[in-house]
Every structure is written in C-alpha cells, then in structure tokens.
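All remarks here apply to the structure that follows.
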C-alpha cells in the first residue's frame, strides 16, 4: 500500500499526461498507451480520495443522494482491492517465470 500511496502523492503534484511509451492498437485502430497496473491503482486511489472529500458536500447540497454516494465509494474501494489483488497475483507469477 505504501508504494501506491507514494504514487498517489506524486500523481497529485504532477499534471497528468498520457505516457509516451509502449502502445497498442485499440479495437478502433487507434494507438492506446499501455498504462501499468501501479498507475491504474494510483489513479483509482486518487479518484476515491476526491470522492471521499467531495461527496459529503454534494450530499449536503442535494446534488447527490447519500445512498448513491455510499455505493459509489464502496465500488471504487472494491476496484482498488481488485486491482491490488491482480497486481499481487501477477508479481507472484513472475517469481515462477510465467
């Protein structure tokens, strides 16, 4: 979690731009950047932090229903857990050279 926290702090300081490295064609024939799992986790954590910070004011002002806010935060938290689990599994597989 520390690695992702550091990536999150870095992501907050630097303007986001698409990585200028490996890319692959999308279904529509456009080149798409390869975004690492660590970068995806950091971005989802950043979004989750923004939601946790902003949703209470949105609920209070009536812009967002409280149950919707709770659900959306729970979904984002699960996305973080899923990506982190996938990352751990990929790291474990790499130990075996697969």
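Numbering (our numbering), first residue to last: 141 to 238. Ideal Cβ positions, reconstructed from N, Cα and C, are used throughout, including at glycine.
**Asked** Considering only the beta carbon of each residue, do residue 212 and residue 191 sit closer than 8 Å?
**Response** Position 72 of the chain shown, counting from 1, holds the residue named residue 212. Position 51 of the chain shown, counting from 1, holds the residue named residue 191. Contact: yes.
**Asked** Any idea what DSSP makes of residue 194, helix, strand or coil?
**Response** As a working note, residue 194 is residue 54 in the chain shown. Residue state, collapsed to three classes: helix.
**Request:** Tell me, please, whether the region 169–189 touches the region 217–227 by the rule of three or more beta-carbon pairs shorter than 8 Å.
**Result:** The region 169–189 vs the region 217–227: in contact.
**Message:** Please report the straight-line C-alpha distance between residue 141 and residue 221, rounded to a whole angstrom.
**Reply:** Within the chain shown, the letter at position 1 stands for residue 141. Within the chain shown, the letter at position 81 stands for residue 221. Any reading at residue 141 must be qualified, since the residue scores a pLDDT of 48, below 50, and its modelled position is unreliable; no value is offered.
**residue 244 - DSSP class collapsed to helix/strand/coil** = Given that the chain is displayed from residue 141 to residue 238, the structure contains no residue 244 and the question cannot be resolved.
**Asked** Cβ of residue 189 within 8 Å of Cβ of residue 199?
**Response** Numbered from 1 along the chain shown, position 49 holds the residue referred to as residue 189. Numbered from 1 along the chain shown, position 59 holds the residue referred to as residue 199. Contact: no.
**Asked** When we look at the beta-carbon of residue 235 and count the other beta-carbons within 10 Å, is it buried (16 or more) or exposed?
**Response** The sequence position of residue 235 within the chain shown is 95, counting from 1. Exposed, by the Cβ-count rule.
**Message:** Here's a check: name, in chain order, each residue in its chain whose Cβ is nearer than 6 Å to the Cβ of residue 184, leaving out the five neighbours to either side.
**Reply:** Position 44 of the chain shown, counted from the start, is the residue given in the question as residue 184. Closer than 6 Å at the Cβ level, and outside the excluded window around residue 184, lie 219 and 220.
**Asked** By the 10 Å Cβ neighbour count, where 16 or more other Cβ atoms means buried, how is residue 127 classified, buried or exposed?
**Response** Nothing about residue 127 can be read from this structure; the chain reaches only from 141 to 238.
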